[in-house]
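Quick notes on the structure that follows.
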């Protein structure tokens, strides 16, 4: 099935080729996903510094950018605007940075769900959503507090007793 | 808590259901991550499989917390370690209705990562929960999660069912600054794209989003339209142009502007008045904007949308030159090259202006930039500059790294081959260039070069002498024999020099080259070609020799020469003739047999058989020579005359190119009903190991060289003969002089440029092309030789290509067209729910009769049919478009088929439906646009 879509997937790779986050907006089976990641890490991690941030891959274009030890990669159609994607990547990194307070790879490893929530505020269905960093931060905070209050209620004593006697 | 979890929980591995102990001692995600990180590299797979076993047990727990944590761990493992999570789709579904926001969030993330619209079979089960979470009464974060899931894994069914639930979220009545509205717009786009039937429902709200005061909503809506317009037929969106134009004028956000420009790129070519109105704002943006992404988008819009507006093009080209000149930003250099390649040949002046930068980019450190530059240069190749550019690239390939060298060679080969060598005027030059490519140490394109050498031999009569000369250069170089990539080229060279031996200056030398000992390095099939070539050369030498004798005898008798002495002899010098005579003597002696003899024992039947043929010929020749010594007047011997005639007729018929469509032209004999017979066969044959072969092979002439004159007993030759050969032909064991071909008398087309092959690369490159890239008139000193073309055969690959998406997009844009023009019409999609396959849907739409899209489709398919039928006659004119891969053509042809099938379908329908209705619906379109734009 052909999807009308802007960004086909987002992958975060570490310099050693470890996957730190994947999000697929076009449908890929698990097998295809593994293959894509393998091919792309071969393509991107081998590229030296001071080269352009775009690689052609199977008729698509993968835009990547390295931040410290992490490569942020997004796959788009060949005739899409690469510079725009670079700005989206940067936007994403800035929001992560703001949320985690100078984000590092470990933050993403141990809070991978949070990274997904943030990404979901920026991209939906492969479309860029939210230009304002402040709004994203506010939305994420609202979600977090919703979850936290629910958690507090859930972990009240009565609840624990209820669970233990189940 | 999780310290000893793995050991304690393993004791429960046989338990059918997880217990409380399980949930108490469950490993959290953090524990799992830490365990994975502290693991030595090799142990990961076993740890992962243990973790999955754990998760499989925990996920069945009735306790939602345990289940949620298990799901979370699985999500982590599947998204970062590539483990399969599709088996847990149902468990994710189980958690979706959870009242706990945490669980719900986990479940939604798990579902959105693992659900697949076509393979997840529990997907329909999520419909109800999604609808519930989408409803305005549920908290916005929940709706947001549901929108995400819907947009990621919408199947056509799901899209159809949930589209009405998107309406309240899309409408401005939901709280004005709701963060959900832009998300709903994005989800609506996805819903539309998987299920065009919902267009009547969703399109209007989406259009309303354009006039929202909230910039995020506008941005999302514009983004949706940008994707819709750029992925299919943009015509249906043309009536919205004024709306887009208004947003363009009002919006200051670069994000929105970029998306808008994408839409205008598609719309401007459709409506000249729109293009004219765009020039000013675009020029303004080009001048003022500091955001390179926006500038690049402007450039793209100008180049592909407004190529007729010189002012805008001029400004955009200046920007591109700035891009190309930015030394510190490879991205801009890359995009500059890409932008230039968007310009059509009409604006080749722009490339010409930046020629130096483009050529310099061939030496860029970034391979992607090099490739882009190469691509751009190849687009600029015309028959006036093909020589300069090809020589430049082939020379540069000598110095560049192996991968790029082959890309360069590829580019030259494919460009020059295009449309039966349409660009090549001087085939002598091209043939020698092919020879030069073969000598590139990195060359791995043997197959293509082989194909072209043989092809030119067959098609271009005038190029044959040069071909033979180049082939000789390749064959006598023993250094080339060891390179496995070159053996295909050598095979072509051997074939050429055998087939066109009459142009050879020294056939004897050829025979020696073809039989040199190092040929044992070649694969058997190539050796077979070599031996066959020797056979041809020998046969030729023999008949020439006899002819020669005949002439001398006849002339000494005072008779006039008859047709027997062909032009061949005349073209050969006397020296060559004597050489041939020597050759026979030489061949006939031990020499040839020494090499061929052992071959007759070869395992490979091809080599074996041909070696036998050759030996048979040699033995026969030897006998003839003995006749000569016996009686002086042997010419009068009838047997010799017969043999000469036989040999000549064996190779006299000229080989020609075979049309790809030749098979089609074989008339089917009357009374032969293929399908029926085959159907019978299929019915009668139970085992399928006797599947009938569908391909019938045939050749232009049957090569009856087989009947070897009862192969003479192959004389066993000792190794000493080989040693003797080495002594005699020491030449073949010395390193050859590289420039042998160049030292020959033929004036090289590229001589003046050769000295540039050393020194600083980019400077040289620039120097090399004093020649401009733009086409200009040149006077050719010699006329282009005739190139045999087979009308249909060579032109199969000519239809303009289309994207695979087309049929689907037609469907979508047709539906949107409807939604836009017939907004009042009730949706007729209600009864089509069950139909799943897109083919089925195509038919359905036709049946329910949305006449606008129908008549449009009719028009299109009609056009296409016209194009494909007319393409035969248009071949010559459309040279640039013709270079398409055959695959695409197949697709295209298939599509033609389908379309024509569809259109015939429509025709049938039109019979019993009033024609006026269709016209009525089409008519309002033109006035609407006029009204908006003027």
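Residue numbers (UniProt numbering), protein chains in the order written: chain A, 1 to 166; chain B, 1 to 934. Built from N, CA and C at the ideal position, the CB exists for glycine as well.
query, result
"If I measure Cβ to Cβ from residue 212 of chain B and keep anything under 8 Å in the same chain, skipping five residues before and after, which residues do I get?", "172, 181, 218, 221"
"What are the uninterrupted segments assigned as alpha helix (DSSP H) that are 4 or more residues long and contained completely in the segment 497-540 of chain B, given in chain order?", "507-514"
"Does any C-beta atom of chain A lie closer than 8 Å to the C-beta of residue 399 of chain B?", "no"
"Examine chain B for any beta-carbon lying closer than 8 Å to the beta-carbon of residue 33 of chain A, and answer yes or no.", "yes"
"In chain order, what residues of the same chain have a beta carbon less than 8 Å from the beta carbon of residue 47 of chain B, not counting five sequence neighbours either side?", "35, 36, 39"
"Roughly how many angstroms separate the alpha carbons of residue 754 of chain B and residue 393 of chain B, rounded to a whole number?", "Residue placement at residue 754 of chain B is flagged as unreliable, the pLDDT there being 34, under the threshold of 50; the coordinate-derived value follows with that caveat. Between residue 754 of chain B and residue 393 of chain B, the C-alpha separation is close to 12 Å."
"Would you check if the distance between the CB atom of residue 113 of chain A and the CB atom of residue 109 of chain B is smaller than 8 Å?", "yes"
"Can you find the residues in the same chain that come closer than 8 Å, C-beta to C-beta, to residue 68 of chain A, ignoring five residues on each side of it along the sequence?", "104, 105"
"Check whether the segment 86-106 of chain A touches the segment 26-45 of chain A, counting contact only when three or more Cβ pairs, one atom from each stretch, lie closer than 8 Å.", "no"
"Within 10 Å of its beta-carbon, does residue 313 of chain B have 16 or more other beta-carbons around it, so buried, or fewer, so exposed?", "buried"
"Please work out which residues of its chain come closer than 6 Å, Cβ to Cβ, to residue 263 of chain B, disregarding the five sequence neighbours upstream and downstream, and give them in chain order.", "225, 226, 229, 244"
"Measure the alpha-carbon distance for residue 88 of chain B versus residue 71 of chain B and round it to whole angstroms.", "8 Å"
"Which class does residue 650 of chain B belong to by DSSP, given the choice of helix, strand or coil?", "helix"
"If we count Cβ pairs, one from each stretch, closer than 8 Å, do we get three or more for the segment 654-673 of chain B versus the segment 465-476 of chain B?", "no"
"What residue range is occupied by the uninterrupted alpha helix (DSSP H) comprising residue 250 of chain B?", "241-250"
"Pick out whichever of A:119, A:44, A:127 has its Cα sitting closest to the Cα of residue 216 of chain B.", "A:127"
"For residue 192 of chain B, which three-state DSSP category applies?", "helix"
"Can you grab the Cα-Cα spacing for the pair residue 15 of chain A / residue 84 of chain B, in whole Å?", "24 Å"
"If you measure beta-carbon to beta-carbon, which residues of the segment 528-549 of chain B are closer than 9 Å to chain A?", "none"
"Using three-state DSSP, classify residue 11 of chain A as helix, strand or coil.", "strand"
"Could you tell me whether the Cβ of residue 90 of chain A comes closer than 8 Å to any Cβ of chain B?", "no"
"On the three-pair Cβ rule with 8 Å, is the segment 126-138 of chain B touching the segment 87-105 of chain B?", "yes"
"Please list the residues of the segment 284-301 of chain B that have a C-beta atom closer than 9 Å to any C-beta atom in chain A, keeping them in chain order.", "291, 292, 293, 294, 295, 296, 297, 300"
"So, are the CB atoms of residue 30 of chain A and residue 141 of chain B less than 8 Å apart?", "no"
"Just to check my reading of the structure: residue 440 of chain B and residue 397 of chain B have Cβ atoms closer than 8 Å, yes? What is that Cβ distance to the nearest angstrom?", "6 Å"
"Along the alpha helix (DSSP H) that carries residue 256 of chain B, what are the first and last residues, could you check?", "254-267"
"Please determine, among B:483, B:531, B:524, B:522, the residue with the shortest C-alpha to C-alpha distance to residue 498 of chain B.", "B:531"
"What's the gap between the Cα of residue 574 of chain B and the Cα of residue 546 of chain B?", "Legend: pLDDT at residue 574 of chain B = 37, less than 50; position of this residue unreliable, value from coordinates given subsequently. Cα to Cα, residue 574 of chain B sits roughly 14 Å from residue 546 of chain B."
"Determine whether the Cβ of residue 119 of chain B lies closer than 8 Å to any Cβ atom of chain A.", "yes"
"Whose CA, out of B:112, B:158, B:123, lies closest to the CA of residue 148 of chain B?", "B:112"
"Interface residues of chain B around residue 87 of chain A at Cβ under 9 Å?", "254, 255, 291, 293"
"Please name the residue in B:82, B:92, B:489 whose C-alpha comes closest to that of residue 69 of chain B.", "B:92"
"Looking at C-alpha atoms only, which residue of B:524, B:490, B:163 is the closest neighbour of residue 135 of chain B?", "B:163"
"Counting only runs that start and end within the segment 178-242 of chain B, where is the alpha helix (DSSP H) found for 4 or more residues in a row?", "180-194, 199-209, 215-231"
"Any idea what DSSP makes of residue 71 of chain A, helix, strand or coil?", "strand"
"State the beta-bridge partners of residue 127 of chain B as determined by DSSP.", "Paired residues: none, contrary to the question."
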